[in-house]
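Taken in order, these protein sequences are the chains called A and B.
The numbers in the first sequence follow this note's numbering, run straight up by one, and end at 240.
The numbers in the second sequence follow this note's numbering, run straight up by one, and end at 844.
Note sheet for the following structure.
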Amino acid sequence: MTPPILMSLKNVSKTYIMGEVKVEALKTTTLDVYEGELLVILGPSGSGKSTLLNLMGGIDQPSAGEIFFAGKPLTSAGEKEMTNYRRREVGFVFQFYNLIPDLTAAENVALAAELVHKPRPVNEVLEEVGLLDRRDHFPSQLSGGEQQRVAIARALVKQPRLLLCDEPTGALDFETGKRVLRLLYDIRQKGSGTVIIVTHNTAIGAIADRVVRMRSGSIADITINQNPVPPERIDW
Amino acid sequence: MTTLTRKLLRTITSGWGQFVALVLIVMLGVMIYISMNTAYSNLSQSQERFYQEYRFADYTFTVVKAPESVISRIEAVPGVIKATGRVQKDIPIVKAEDERATGRLTGYPLPQEGEVNRLHLLSGSWFEESPAGNIGVLVDPQFFVANHLTAGDSLEVIAGGKKVVLTVIGTAVSPEFVYPMPDAAALVPEPERFGIIMIPQIQAQQILGYPGQINQVVVDLAPGADETAVVREIERILEPYGNLASYPRRDQLSHAALQAELDGLKTMSGSLPLVFFLIAAAIQFVIINRLIKTQRLPIGVMKALGYSSFQIIGNYTGYALLVSGVGAVLGIITGIGMAAGMSQVYAQFFNLPSTIGGINLSVVIRSVVISLVVGGAAGLFASRSVVRIRPAEAMRPEPPASGKHTLLENWTWLWQHLDSSWKMSLRSILRNRVRFAITVLGVVFSVCLLIFALFSNDAVDYLVQQSFTLSNRYDYIVRFTQPVKYEDITYWNRWSEVQKIEPLLEVPVKIKAGDRAEDELLVGAQVTGELRKVYDMHGQQKQIPEEGILLNKSTADKLGIKPGDEVEVHTTLGIGPTRTERLRIVGLNQPMSGSGSFISWETANRLLGESRVVSAVMLKLDRPEMKEVEKRLYEMTSVSSVMSPQREQAAFLQYMDTIIVFIAIMVLMAGLLGLAIVYNTSLMTFQERQRELASLRVLGFSRREIAGLLRKETGVQAVLGIIIGLPAGKAMGNVLMASISTDLYSMPAVIYPRTYFIAALLALVFIGIGQQLAIRKTGQIDMVEALKNRD
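Here you go:
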């Protein structure tokens with residue numbers, strides 16, 4: 005049985021005009037994202053994976069094609085609807101965490117919580133990422149891995165239906181990276197949301213339900229992983 | 054052009070708004086500096102030259118009547134260079150429709166060469182050597198213009214009890230009539246109703262009935278002469294002739310008014326521009342500091358390439374110097390224009406013959422030097438951190454900005470009730486303390502200036518209220534050429550238009566306490582009177598005492614006496630013998646302007662050895678101004694002047710209209726200052742946190758919420774600045790008022806609540822505009838930026 009579709013991209017493409025040069029960052033692409041799956045988008049730099057993530061996250065608009073989220077078109081939405089979409093439906097995890105330096109760990113999470121009507125309790129989420137004891141620390145007092153876990157907590161507190169992670173382990177060492185992946189893997193296991201990870205690290209593909217491989221601005225292939233492995237068992 | 058220079062220009066063009074805002078502040082500073090200092094130096098130079106060339110008296114003595122021969126005795130006193138004797142008397146001028154004005158008829162011995170308080174002919178012709186027919190007189194230019202006179206017009210006056218026709222032959226000024234005012238009680242000149250009539254001495258003596266006699270001696274003292282001793286000696290010589298009053302130059306009305314203006318200008322021209330320069334420097338310091346922080350990497354690269362710290366510092370200091378340079382050029386242009394405008398206004402008020410105006414080159418040069426030095430110092434000081442940047446370190450990414458718990462968090466209750474965005478803003482503010490302090494200070498100063506600009510309106514309004522509504526409740530005050538019996542005029546009460554009349558007896562006296570003496574005018578009014586009330590400068594009502602004196606505080610201070618003391622009072626009315634009586638000081642009064650010493654009408658009569666005489670009466674009518682009544686009054690030869698507070702108020706308000714332009718300019722300057730400061734701070738905050746704000750946009754913050762974040766941060770500084778600025782503005786007003794208050798004028802720095810409100814509102818508007826200009830940039834936030842690698 006195929007799970008219901010959460011998001012679908014239909015003939016979506018993105019062209020940037022840089023001076024007098026047109027750069028086709030994403031060629032015409034069609035992709036469905038299923039509810040509750042863990043999707044890993046793999047590709048080297050310049051393959052179009054980040055462009056794809058930006059379009060799905062509603063922080064960029066496609067040059068052509070249509071994007072639907074839960075059946076509603078995103079492409080014709082205005083500025084306000086897009087903000088609401090990001091606010092209510094999407095959680096974002098950045099490669100460099102992008103925490104607010106002036107807010108403590110708990111306050112960074114609370115900042116996101118204040119955006120939605122029914123957020124999860126801040127402490128509960130912090131406990132989930134294993135940082136309850138560091139809740140009053142500022143980003144500058146946390147290690148990279150801890151900062152990234154706060155960033156994940158900040159995304160999760162809104163209870164988003166879609167969690168987008170851009171190279172979440174890119175700035176982390178091996179062990180710390182795996183702890184972060186474990187968190188993302190658990191979200192999928194608990195069925196508490198759809199997780200999309202964009203990375204150039206092919207090893208991470210092993211934990212996914214599906215792997216989308218990108219090359220030169222288009223999808224090269226999509227593989228279904230019958231037996232995803234927990235992050236502890238992967239290696240890079 | 055070197056690449057380094059090109060880089061500097063590119064830094065400027067990429068932050069164009071910031072550069073313009075800074076240039077604006079420097080420009081305002083230079084503009085104020087040049088305009089005020091030019092106006093000051095021109096005005097004071099004109100004053101000095103005129104005083105010197107036309108021999109302005111150091112001391113003036115008034116007597117009842119003395120033979121002209123007394124002059125040579127006075128000139129024999131060591132320390133006296135020159136003494137001029139003359140006759141001077143205020144006489145009624147009969148204008149069209151029997152209206153009256155007052156003319157200060159002043160005799161000038163001919164030839165004028167070498168005399169004290171000489172005349173300077175402005176227009177028309179000089180006195181004829183041997184006048185045939187009508188008597189030719191000169192008048193002051195304001196009176197000439199206000200009464201639409203032309204040379205050859207006749208002027209009818211009443212002198213020595215009969216009508217005399219004079220012919221106006223031109224206009225002239227003298228150092229004592231630079232600002233012609235009838236007396237200290239007048240708030241502003243009323244040239245339609247008061248003028249100086251200058252006439253050859255011999256004819257003045259004839260008309261006034263002073264053959265071979267004088268009633269005034271003006272004296273030029275030798276530099277370094279012992280003034281007190283000389284004055285005592287001259288007073289001794291004049292004693293037998295009824296020495297009525299003597300006063301030094303600083304108490305001369307016209308001089309006091311001009312000097313007050315100069316003093317105010319000097320105070321302002323010294324401090325006001327400096328604050329603008331310092332604020333500009335402070336902001337430049339912050340901007341350059343930040344520039345260096347964000348350009349750590351390129352600085353590191355440049356150093357690695359072999360540029361010296363010195364070259365790089367020079368480059369960043371160049372930014373500040375360019376700001377100062379461009380600001381100075383614009384400031385010079387606007388400042389010279391404004392100086393010309395100010396000089397024009399001064400020329401309208403003050404009769405100074407040598408042209409006020411022209412560019413003062415040394416002021417211009419000084420302004421350029423000051424702005425460049427202050428700007429350069431800020432640049433050097435801010436960019437000194439360049440020395441510490443080591444290439445290898447600089448090329449590694451900077452660690453994340455450190456967050457810190459702040460003191461405010463100890464206030465747990467408050468902290469728990471703040472939402473995350475407030476916490477973010479507050480911590481960010483407290484992290485950039487220097488910038489925070491400079492912004493708050495800038496806003497404080499902007500608000501100060503706003504209050505300062507607006508409050509002169511309040512002070513005037515207060516004065517008008519006090520003087521025209523509270524104190525003087527009559528519609529007309531009628532003065533007589535000499536005291537008359539009150540019973541002789543009580544029939545006025547039966548005129549149908551008159552509701553009420555009340556008597557006044559004004560007695561000029563010399564008050565002696567110990568070895569000190571002061572001239573004072575005692576106003577005798579009915580204790581139970583309703584038409585003249587006494588209020589001090591703080592709006593407190595004072596009771597006119599049945600016995601004793603309610604004395605002007607400044608006179609009391611000069612005499613060193615206090616309530617309860619007894620003083621010796623000598624009358625100096627000029628008619629009848631001098632009488633002496635001991636009176637008790639029962640209270641002190643600090644009036645806003647004019648004389649402020651009161652006695653009861655009965656006491657005044659007793660002082661003169663009279664009963665029930667008046668020198669003036671006050672009339673309350675059915676309606677404020679009634680031409681019929683006025684006409685009837687003017688038909689009486691015993692009436693010397695008829696004054697209406699309404700008319701005086703109108704003249705005063707008209708005078709105030711001329712300063713409205715200055716108020717508007719000040720408001721604009723204050724506002725632009727606040728705008729420029731807030732714009733810069735907001736922009737800096739925005740630029741520093743661009744990546745952070747982009748992440749928040751991705752998290753789902755709307756543009757409005759992002760703008761709100763920035764607004765909170767600058768808002769806190771603005772509100773704090775306004776809160777401090779309001780009382781600071783009041784304090785500044787107090788200082789200014791104290792610095793320009795004289796014996797003749799003292800005004801409290803009255804600021805109505807409404808003014809605080811308007812100042813705060815204006816500050817918010819200007820600050821809001823500055824903030825909005827900066828916040829517009831939030832539309833440019835590129836969310837994709839948040840995902841990019843840090844470089």
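Glycine included, C-beta positions come from ideal geometry on N, C-alpha and C.
All figures in this text were calculated on a predicted structure; none of them were measured in a lab.
Test: residue i CB closer than 8 Å to a CB of chain B
| i | result |
| --- | --- |
| leucine 107/A | yes |
| methionine 11/A | no |
| leucine 115/A | yes |
| glycine 61/A | yes |
| glycine 23/A | no |
| leucine 188/A | no |
| asparagine 102/A | yes |
| tyrosine 20/A | no |
Supposed close pair residue i, residue j - CB separation, criterion 8 Å
| i | j | result |
| --- | --- | --- |
| leucine 169/B | alanine 136/B | In the sequence as displayed, the identity of residue 169/B is valine instead of leucine. Contact holds; Cβ gap of about 7 Å. |
| arginine 744/B | glutamate 838/B | 6 Å |
| leucine 746/B | isoleucine 759/B | 5 Å |
| serine 322/B | asparagine 90/B | 5 Å |
| isoleucine 78/B | phenylalanine 434/B | Not confirmed; about 18 Å, so no contact. |
| threonine 155/B | arginine 246/B | 7 Å |
| tyrosine 93/B | glycine 388/B | Tyrosine 93/B to glycine 388/B, Cβ: 13 Å. No contact. |
Interface flag, residue i vs chain A, CB-CB below 8 Å
| i | result |
| --- | --- |
| methionine 590/B | no |
| aspartate 844/B | For aspartate 844/B, the pLDDT reaches just 44, beneath the cut-off of 50, and the residue's location in the model is therefore unreliable, although a value from the coordinates is still provided. For aspartate 844/B, the answer is no, since every Cβ of chain A falls outside 8 Å of its Cβ. |
| leucine 752/B | yes |
| serine 499/B | no |
| serine 755/B | yes |
Where residue i meets chain A, residues with beta-carbon distance less than 8 Å
| i | result |
| --- | --- |
| arginine 480/B | Asp106, Leu107 |
| arginine 484/B | Asp106 |
7 Å Cβ cut-off: residues of chain A touching residue i
| i | result |
| --- | --- |
| lysine 476/B | Leu107, Glu111 |
| serine 415/B | Residues of chain A passing the Cβ test: none, with the nearest at roughly 50 Å. |
| valine 837/B | Asn58, Ile63, Asp64 |
| serine 396/B | The premise fails here: serine 396/B is roughly 53 Å from chain A at the closest Cβ pair, so nothing lies under 7 Å. |
| serine 473/B | Leu107, Glu111, Ala114, Leu115, Glu118 |
Residue nearest to residue i in terms of C-alpha spacing, selected from the options
| i | options | result |
| --- | --- | --- |
| valine 113/A | Leu136/A, Tyr38/A, Gly148/A, Phe100/A | Leu136/A |
| leucine 42/A | Ile223/A, Arg186/A, Asp239/A, Glu236/A | Arg186/A |
| valine 500/B | Asn485/B, Gly724/B, Ile718/B, Thr459/B | Gly724/B |
| asparagine 229/A | Gly209/A, Ile223/A, Glu236/A | Gly209/A |
| arginine 488/B | Arg343/B, Val217/B, Arg441/B | Arg343/B |
| threonine 66/B | Tyr372/B, Asn95/B, Met737/B | Tyr372/B |
| serine 220/A | Pro48/A, Leu57/A, Arg138/A | Pro48/A |
| glutamine 163/A | Ser80/A, Ile21/A, Phe96/A, Leu78/A | Phe96/A |
| leucine 30/A | Pro105/A, Leu57/A, Pro234/A | Leu57/A |
| serine 377/B | Gln397/B, Ala334/B, Val398/B | Ala334/B |
| leucine 425/B | Leu57/B, Leu817/B, Val83/B, Val772/B | Val83/B |
| arginine 532/B | Val670/B, Ala237/B, Ala204/B, Glu292/B | Val670/B |
**Message:** At a CB distance below 9 Å, what residues from the stretch 714 to 747 of chain B approach chain A? Give them in sequence order.
**Reply:** If the cut-off is 9 Å between Cβ atoms, the stretch 714 to 747 of chain B has Arg742, Arg744, Glu745, Ala747 near chain A.
**Request:** Using a Cβ-Cβ cut-off of less than 9 Å, list which residues of the stretch 69 to 91 of chain A approach chain B; keep chain order.
**Result:** Those would be Glu83, Lys84, Thr87, Asn88, Tyr89, Arg90, Arg91, in chain order.
**Prompt:** When you check each C-beta in the stretch 55 to 80 of chain B against every C-beta of chain A, which residues fall closer than 9 Å?
**Reply:** For the stretch 55 to 80 of chain B, there are no residues whose beta carbon sits under 9 Å from a beta carbon of chain A.
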